[in-house]
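Residues 247 to 434 in our numbering are what the sequence shown lists, from first letter to last.
Following: one structure in structure tokens, then a few remarks.
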Amino acid sequence: MSYIELDGASDSLKIAVKFRDAEGDLGLDPRAINPPFNEIEYLTDNNGNYITYSNRPEGAPSYNPLDWIIDPLINNEEIKDTLWVEYNPNYYNIFVKFFIKRGGNFTEFKWSDPPFYTTLDGRFPEILAGDNQQSIEGVIEYSMLSSGWRPIFRNDTIRIDVQIQDRALNRSNTVSTPNFTLNQIQVK
247 MSYIELDGAS
257 DSLKIAVKFR
267 DAEGDLGLDP
277 RAINPPFNEI
287 EYLTDNNGNY
297 ITYSNRPEGA
307 PSYNPLDWII
317 DPLINNEEIK
327 DTLWVEYNPN
337 YYNIFVKFFI
347 KRGGNFTEFK
357 WSDPPFYTTL
367 DGRFPEILAG
377 DNQQSIEGVI
387 EYSMLSSGWR
397 PIFRNDTIRI
407 DVQIQDRALN
417 RSNTVSTPNF
427 TLNQIQVK
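Below, the structure written as structure tokens:
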């Protein structure tokens, strides 16, 4: 693990995950955007019409950038409206959960909650291209960029839980980093 503060840019928190995969189907081609690797699903009503913010049903969330997309491009056509969406977790192949220790206990820090409305889950490229099936092992280094590391976590103790997923949508066991503070892993 390492933490690098960059002047005038987002700071970087990097983790390394050891892996072993019997089939060699780890990683995603950047062009893998069709199901099951599509990023979002546009929600529709019973008639198959997209649900817009102006006709949202009772119980639909208020506007936020995770549940609603403004003027999306669908099938190369810009839809001039705000549509209700759900993010597809299979778009990603590395999943991270942050835990912060306060008052002696760890609680999950959810990047998807207000005011951030984001995720630090991500995608790493194919390790073996195509349908080449063979056993592989190695280390995946994953960098997460944010200008919020220091303001949010300050000197708090943090732990990160990580999972990876192969192209057959099988998730790995969860591995946890050792407990750390940003100062302990900072590279100067």
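Cβ atoms here follow ideal geometry from the backbone N, Cα and C, with glycine treated the same way.
- Per DSSP, the continuous alpha helix (DSSP H) segment holding PHE399 begins and ends at 395-399.
- As the crow flies, the alpha-carbon of TYR249 is around 45 Å from that of ASP291.
- Within the segment 264-338, the complete beta strand (DSSP E) segments at least 3 residues long are 286-288, 314-316, 328-333, listed from N- to C-terminus.
- When secondary structure is reduced to three states using DSSP, ILE340 falls in the strand class.
- Sorting ILE279, ILE398, LEU415 by C-alpha distance to the C-alpha of ASP257 places ILE398 at the top.
- Sorting ARG413, PHE355, GLY305, ILE297 by C-alpha distance to the C-alpha of ILE315 places ILE297 at the top.
- The alpha carbon of ASP327 has as its nearest neighbour, out of THR364, TYR299, PHE341, the alpha carbon of TYR299.
- Its chain contains ILE279, TYR333, ASN334, TYR337 as the residues whose beta carbon lies nearer than 8 Å to that of GLU285, once the 5 sequence neighbours on both sides are disregarded; these appear in chain order.
- Within the DSSP secondary-structure output, SER258 pairs in a beta bridge with ILE250, LEU391.
- In terms of CA proximity to GLU251, ARG396 leads the group ASN419, ARG396, ILE404, VAL408.
- Apart from the 5 residues on each side of it in sequence, TYR388 sits with its Cβ closer than 6 Å to the Cβ of ILE261, ILE340 in its chain, given in chain order.
- With a 10 Å radius around the Cβ and a threshold of 16 neighbouring Cβ atoms, ARG400 comes out exposed.
- Between GLN430 and the set VAL342, GLN380, THR403, the nearest pair of CA atoms involves THR403.
- Collapsing the DSSP output to three states places ASN419 in coil.
- DSSP lists ILE340 as the bridge partner or partners of GLY368.
- The beta carbon of SER358 sits closer than 8 Å to the beta carbons of LEU312, THR364, THR365 from its chain, once the five residues preceding and following it are set aside; these are given in chain order.
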